[in-house]
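Report on one structure; see the data block that follows.
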Amino acid sequence: MRPAILQPKNGDEHMLPLLVDFGYMVPEDSRISKLLRRLCREDDSEKSISLCKQLQESLMVQENGRYIRRSLDLIAESLLDMLHSGPGPEVKYQAAQCLGRVGYVLEQDFKRYMDWIFTKYSEERNDEVRMLLMKALLETLQLEAESPKLEEFSTDTVDILVGWHIDGSQPPTVMRHASRSLQKLRSYWIADLQFSVTLLSQFVEDMEVCMDDLEKTIDRSSSPGGDLPLPQDTVTRLTKLITVFNTVVKILGQNLNPSLSLTVGWTFLTECFTKILTTVIKALSHVLWEDLIIVANECSCLLLAYLQSRTSVANGHLYDLINMQLDLVEQLSDCALISMLRLIGKAVREVSANLPLELVQKLLGPSSAMLSLRFSPSVAVQDEVVAVYHCLLNLKNIPLLQEAYRYVLGDLEIAYKLVVSSVDELCTQNPHQSTQYRVCDAELVIMIHLRALADLGGGFSEEESSQKDVEISPNALEDDEPFYGFEVTDDPMLDVGERQAHQGATGTESDMLVERGPGRPKLMRIGRRGRPTKIYQPAANRADQKLALNNDPPYDKDTGHSSTASSQTMEHNNELPEETTEMVLQWTREVFLQAHPYMKILHQTVEFEGLVEAVVGAGHCSNPVVVLWIVDNLEHLIETFP
Numbered sequence: 340m341r342p343a344i345l346q347p348k349n350g351d352e353h354m355l356p357l358l359v360d361f362g363y364m365v366p367e368d369s370r371i372s373k374l375l376r377r378l379c380r381e382d383d384s385e386k387s388i389s390l391c392k393q394l395q396e397s398l399m400v401q402e403n404g405r406y407i408r409r410s411l412d413l414i415a416e417s418l419l420d421m422l423h424s425g426p427g428p429e430v431k432y433q434a435a436q437c438l439g440r441v442g443y444v445l446e447q448d449f450k451r452y453m454d455w456i457f458t459k460y461s462e463e464r465n466d467e468v469r470m471l472l473m474k475a476l477l478e479t480l481q482l483e484a485e486s487p488k489l490e491e492f493s494t495d496t497v498d499i500l501v502g503w504h505i506d507g508s509q510p511p512t513v514m515r516h517a518s519r520s521l522q523k524l525r526s527y528w529i530a531d532l533q534f535s536v537t538l539l540s541q542f543v544e545d546m547e548v549c550m551d552d553l554e555k556t557i558d559r560s561s562s563p564g565g566d567l568p569l570p571q572d573t574v575t576r577l578t579k580l581i582t583v584f585n586t587v588v589k590i591l592g593q594n595l596n597p598s599l600s601l602t603v604g605w606t607f608l609t610e611c612f613t614k615i616l617t618t619v620i621k622a623l624s625h626v627l628w629e630d631l632i633i634v635a636n637e638c639s640c641l642l643l644a645y646l647q648s649r650t651s652v653a654n655g656h657l658y659d660l661i662n663m664q665l666d667l668v669e670q671l672s673d674c675a676l677i678s679m680l681r682l683i684g685k686a687v688r689e690v691s692a693n694l695p696l697e698l699v700q701k702l703l704g705p706s707s708a709m710l711s712l713r714f715s716p717s718v719a720v721q722d723e724v725v726a727v728y729h730c731l732l733n734l735k736n737i738p739l740l741q742e743a744y745r746y747v748l749g750d751l752e753i754a755y756k757l758v759v760s761s762v763d764e765l766c767t768q769n770p771h772q773s774t775q776y777r778v779c780d781a782e783l784v785i786m787i788h789l790r791a792l793a794d795l796g797g798g799f800s801e802e803e804s805s806q807k808d809v810e811i812s813p814n815a816l817e818d819d820e821p822f823y824g825f826e827v828t829d830d831p832m833l834d835v836g837e838r839q840a841h842q843g844a845t846g847t848e849s850d851m852l853v854e855r856g857p858g859r860p861k862l863m864r865i866g867r868r869g870r871p872t873k874i875y876q877p878a879a880n881r882a883d884q885k886l887a888l889n890n891d892p893p894y895d896k897d898t899g900h901s902s903t904a905s906s907q908t909m910e911h912n913n914e915l916p917e918e919t920t921e922m923v924l925q926w927t928r929e930v931f932l933q934a935h936p937y938m939k940i941l942h943q944t945v946e947f948e949g950l951v952e953a954v955v956g957a958g959h960c961s962n963p964v965v966v967l968w969i970v971d972n973l974e975h976l977i978e979t980f981p
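Position 637, counted from 1, in the sequence shown is what this note's numbering calls 976; the numbers after and before it change by one each time, with no gaps.
Right under this line is the structure:
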């Protein structure tokens, strides 16, 4: 006779035969079987929970694995019975965890467990039991994911993978898989950060050894035996060392930031940066190796992200590396050029206020190698050049920013005068006075400059943009460069639109005209809150407009040049593609909206009157989309009129 505690409860009389049967069927030759028998007979929830936890511990003992595999069916059925009839939801949950651990310890017999659990799931009609079966499977998968079995071998594994990564004799596929495997070990890199930092130091030391070997190889007189490797082999090994250094740095991420980790110091990062730059510069002075240039630039960008303005010790070497690459522009592939331009942009952003004036002049001066890349057939290279312009024109150091504007506006003036000879002077003492362009090149230069100027506010928050508007007001530039804006006043500028309409524009021209869609015309600077604003004009010239200049930000006043540009563009709307016409009409609508506070004065100006006439005149067309845009413009104009 069974003990009284096996009496059914809560209407579960139909489960009694199962309880009795499984109580006898469980083998009695192990601690697991005894715990299962006691669990089947126990009806107290607290005692059952205690038994389940003891069973979980027993299931994870390595010596019990063989018994579990042999008795899987009986153990699994016993635990399934607990999912049906356990005394309380917590007991059932603990039993599900026991079942999950059974699946984990099966190892090579895991398929049996999977087949069993999914068969029971498909046969089961009780939703609670089905849910507990899935919890059991989840427990198995979580244990598998958290298994610490690799921990004691992690260091040896890393050593092997790093060895394959830097071994030049390994095929590229092995190296790629080694790199991916190192990245998948991220949790071990972060868990043992001291080991990771030590390994990075060893990489840097190995780089210096490579450099010593390269110098000895170049100077064969110091090695008459000729047993040193070839220069190409040494540079290849150096490249691979920097590559694996980059991989580890990317794996560690912000864990390598001294501001967040006590294990890493600023001195360590600065020394690594300095030594790597010194080694790379020496190596490139002996052997021009593009792969080395690309990985060195990537490494510099990664370390600059941590060091930012703290790179004063390594700044000189960084500028030397940039200058060396600028001197090699004609010999580099597009991939290397893109890498170089990204490094320049990163250096300008991060070093920022500490940037030397000479570097700005070298990048934007008449003999700049970077400016020659504007004529590259690669759109990707042109985009990176524009990105460098953005970085230079977003500098927070006012003297540097003034110098950058002086060079940009001077270059723009020279190119623009080839297209529109009557353009006003954009800056005094033009540093590009001796620069010469062909007409076709001048148009490309104009559009690249306008692309750079159009997005100046894009990289700042509203607060930062507002501060920069005040800092770089026209008064700040007035002493050196009286910039009166510019007007599109001559038909040759319309050649761009005609070519796009009849022949198909180039990628750059298309970007210039319609890249941002009708909402953000490229001829305007995009100011705060995304509204189009004018290009700078000195306060002295705007004072003639009799506006309240002291109460508003300097960019909220219309100079009249935007109206002139809009009206002259609208006069030629029949020659423009529909997308460009829509863009100009939305631009005009924004002008009407922003001009509302000043309409009492603006409506008396000749420029504004010409703009309205041009918009009305453009309505004489058969294009319904353009007509609707014009109606929308006139509605806004009437609403804002005093």
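Even glycine gets a Cβ: it sits at the ideal position worked out from N, Cα and C.
Note that the structure is predicted; figures quoted are calculated from it, not measured.
Between which two residues does the alpha helix (DSSP H) containing residue i stretch?
{"i": "F492", "result": "Segment: none, F492 is in no alpha helix (DSSP H) and carries neither H nor E."}
{"i": "D558", "result": "Unbroken run through D558: none, as it is neither H nor E."}
{"i": "W628", "result": "Taken as a continuous stretch (DSSP letters only), W628 belongs to no alpha helix (DSSP H), as it is neither H nor E."}
{"i": "Q433", "result": "P428 to V444"}
{"i": "N585", "result": "P570 to L591"}
{"i": "S384", "result": "S384 to L398"}
{"i": "A957", "result": "That residue, A957, is in no alpha helix (DSSP H); it is neither H nor E in DSSP."}
{"i": "L375", "result": "R370 to R380"}
{"i": "E416", "result": "L411 to S424"}
{"i": "K735", "result": "Note, K735: premise wrong, no alpha helix (DSSP H); not H, not E."}
{"i": "L976", "result": "P963 to T979"}
{"i": "V699", "result": "L696 to L703"}
{"i": "R649", "result": "Looking at the DSSP string, R649 is not in any alpha helix (DSSP H), and its letter there is neither H nor E."}
Is the beta carbon of residue i less than 8 Å from the beta carbon of residue j?
{"i": "R713", "j": "Q721", "result": "yes"}
{"i": "E463", "j": "L477", "result": "no"}
{"i": "T479", "j": "G439", "result": "yes"}
{"i": "I414", "j": "L378", "result": "no"}
{"i": "W968", "j": "E921", "result": "yes"}
{"i": "C638", "j": "K685", "result": "no"}
{"i": "A517", "j": "L500", "result": "yes"}
{"i": "L445", "j": "R409", "result": "no"}
{"i": "S384", "j": "V441", "result": "no"}
{"i": "L1066", "j": "V747", "result": "Outside the displayed range of the chain (340 to 981) lies residue 1066, so it cannot be described from this structure."}
{"i": "P705", "j": "T602", "result": "no"}
{"i": "G958", "j": "V966", "result": "yes"}
{"i": "V626", "j": "N654", "result": "no"}
With burial defined as no fewer than 16 other Cβ atoms inside 10 Å of the residue's Cβ, what is the status of residue i: buried or exposed?
{"i": "D558", "result": "exposed"}
{"i": "S598", "result": "exposed"}
{"i": "F542", "result": "buried"}
{"i": "W605", "result": "exposed"}
{"i": "I977", "result": "exposed"}
{"i": "L398", "result": "buried"}
{"i": "H504", "result": "buried"}
{"i": "N465", "result": "exposed"}
{"i": "F947", "result": "buried"}
{"i": "P963", "result": "exposed"}
{"i": "G425", "result": "buried"}
{"i": "K450", "result": "exposed"}
{"i": "A743", "result": "buried"}
{"i": "S535", "result": "buried"}
{"i": "P695", "result": "exposed"}
{"i": "F980", "result": "exposed"}
{"i": "K982", "result": "Because the chain here runs from 340 to 981, residue 982 falls outside it and cannot be looked at."}
{"i": "D818", "result": "Low per-residue confidence applies at D818: pLDDT is 37, beneath 50, and the placement is therefore not dependable, though the value from the model is reported in the following sentence. It counts as exposed."}
{"i": "G749", "result": "buried"}
{"i": "S372", "result": "buried"}
{"i": "T512", "result": "exposed"}
{"i": "S961", "result": "exposed"}
Using a Cβ distance threshold of 8 Å, determine whether the region 658-676 contacts the region 595-609, with at least three qualifying pairs required. no
Give a yes or no on contact between the region 613-621 and the region 665-680, applying the rule of three or more CB pairs nearer than 8 Å. no
Using 8 Å as the Cβ pair cut-off and three pairs as the minimum, do the region 570-577 and the region 590-609 touch? The region 570-577 is not in contact with the region 590-609.
Contact the region 926-942 vs the region 966-974: 3+ CB pairs below 8 Å: Yes: at least three Cβ pairs fall under 8 Å.
So, do the region 643-653 and the region 673-680 have three or more beta carbon pairs nearer to each other than 8 Å? no
Are the region 777-787 and the region 761-768 touching by the rule of at least three beta carbon pairs closer than 8 Å? no
Segment contact flag, the region 766-778 with the region 724-737, C-beta cutoff 8 Å, min 3 pairs: Between the region 766-778 and the region 724-737 there are fewer than three C-beta pairs closer than 8 Å, too few to call the two in contact.
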